[in-house]
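For the sequence shown, the numbering used here gives the first residue as 51, with consecutive numbering after it. In this text, a Cβ means the ideal position worked out from N, Cα and C, and glycines have one as well. Remember, predicted model here, so these are calculated numbers, not experimental data. Read through the structure below, which is laid out as structure tokens, and then see the notes.
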Amino acid sequence: MTSTLRLQPRREYHIVVLGAGGVGKSCLTAQFVQNVWIESYDPTIEDSYRKLIDVDGRQCVLEILDTAGTEQFSEELYMKQGQGFLLVFSITSMSSLNELAELREQIIRIKDDENVPIVIVGNKSDLEEDRAVSRSRAFALSQQWGNSPYYETSARRRANVNEVFVDLCRQIIRKDIQSSQERNLDQAINGRLGAIDAQGRHNGRLRNHRKRPKVKGDCVIL
Ligand SMILES: Nc1nc2c(ncn2[C@@H]2O[C@H](COP(=O)(O)OP(=O)(O)OP(=O)(O)O)[C@@H](O)[C@H]2O)c(=O)[nH]1
Ligand SMILES: [Mg+2]
Numbered sequence: 051m052t053s054t055l056r057l058q059p060r061r062e063y064h065i066v067v068l069g070a071g072g073v074g075k076s077c078l079t080a081q082f083v084q085n086v087w088i089e090s091y092d093p094t095i096e097d098s099y100r101k102l103i104d105v106d107g108r109q110c111v112l113e114i115l116d117t118a119g120t121e122q123f124s125e126e127l128y129m130k131q132g133q134g135f136l137l138v139f140s141i142t143s144m145s146s147l148n149e150l151a152e153l154r155e156q157i158i159r160i161k162d163d164e165n166v167p168i169v170i171v172g173n174k175s176d177l178e179e180d181r182a183v184s185r186s187r188a189f190a191l192s193q194q195w196g197n198s199p200y201y202e203t204s205a206r207r208r209a210n211v212n213e214v215f216v217d218l219c220r221q222i223i224r225k226d227i228q229s230s231q232e233r234n235l236d237q238a239i240n241g242r243l244g245a246i247d248a249q250g251r252h253n254g255r256l257r258n259h260r261k262r263p264k265v266k267g268d269c270v271i272l
């Protein structure tokens, strides 16, 4: 029994970096993965990276997908595969913030999950003099989006870069542990039912507990 309840989380996590063109997705990713700063702007088609990190003593391999700012056909596929999403805008561009709403809706629809791990990232914080999005505006959005954490980063100065990836990774790990606990519990219950069946002693209460509600017309009988 205890062995079936032991947690065996997967250690490889898929992260997708999304946001409008030019907000700094590739620069953030390059700083995180390779510790380099890229001054030039070379629009991305699609790049992926792998990085091993330690999160609270747990070794995680991150598979990071750096996406194109412009809409791509592959979007749906990588949203399906992604377990956590960095939604990046530039603090110097209100329209880049506004573009995130649609991306978030798309993620939730495709994953069919309101609680997908997400971190909202306001990049280019070194350009304070060009700020077009106030902190309070971004915080309001983060609250509206179920308290998804909000960070301001500077890929140029390497500020808060590790933090956003680690926060996302922690959210994914939490979710991973939760779902493996649920799976194990389900297996334990099924195993118990199987054992009861094998002994020919059906326990009516347990069985009823797992019955789906009967639907008759508009009326649901629980
Ligand atoms: N000042 C400043 N400039 C930045 C920062 N991050 C990125 N940039 C600059 O912004 C431009 C675009 O950065 P990218 O990382 O290529 O942007 P992207 O989001 O990957 O763009 P697409 O691949 O087209 O979607 C580059 O010229 C970067 O040097 C930052 O934190 N501060
Ligand atoms: Mg890019």
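- Rounded to whole angstroms, GLN231 and GLN81 show a C-alpha spacing of 35 Å.
- With a cut-off of 7 Å, the C-beta of LYS174 is classified as distant from ligand 2, since no heavy atom of the ligand falls inside that distance.
- Going by DSSP, TYR128 is part of the alpha helix (DSSP H) stretching over 125 to 131.
- The three-state secondary structure of SER140, taken from DSSP, is strand.
- Within the stretch 81 to 117, the runs of beta strand (DSSP E) at least 3 residues long that lie entirely inside it are, in chain order, 96 to 105 and 108 to 117.
- Sequence-distant Cβ neighbours of LEU177 in its own chain, meaning closer than 6 Å and more than five residues away, are THR142.
- SER90 and ILE168 have their C-alpha atoms roughly 28 Å apart.
- The stretch 179 to 188 makes no contact with the stretch 68 to 78; the number of CB pairs closer than 8 Å stays below 3.
- Counting only runs of at least 3 residues, the stretch 148 to 232 fully encloses the following beta strand (DSSP E) elements, listed from N- to C-terminal order: 168 to 173 and 200 to 202.
- For GLY241, the three-state secondary structure derived from DSSP is helix.
- With a threshold of 7 Å, the Cβ atom of VAL111 does not count as near ligand 1, since no heavy atom of the ligand is closer than that.
- When the beta-carbon positions are compared, TRP195 and ARG154 come within less than 8 Å of each other.
- For the options ARG100, ASP92, GLY69 and THR94, the alpha carbon positioned closest to that of GLN84 is the one of ARG100.
- Cβ-Cβ distances below 6 Å link ILE95 to ALA118 in the same chain, with the five nearest sequence neighbours on each side left out; the list follows chain order.
- Taking 8 Å as the upper bound for CB-CB distance, GLY134 and GLN193 are not in contact here, some 20 Å apart.
- Counting every other CB atom within 10 Å of its CB across the protein chains shown gives SER204 a total of 16 or more, marking it as buried.
- The beta-bridge partner set that DSSP reports for LEU68 consists of LEU137.
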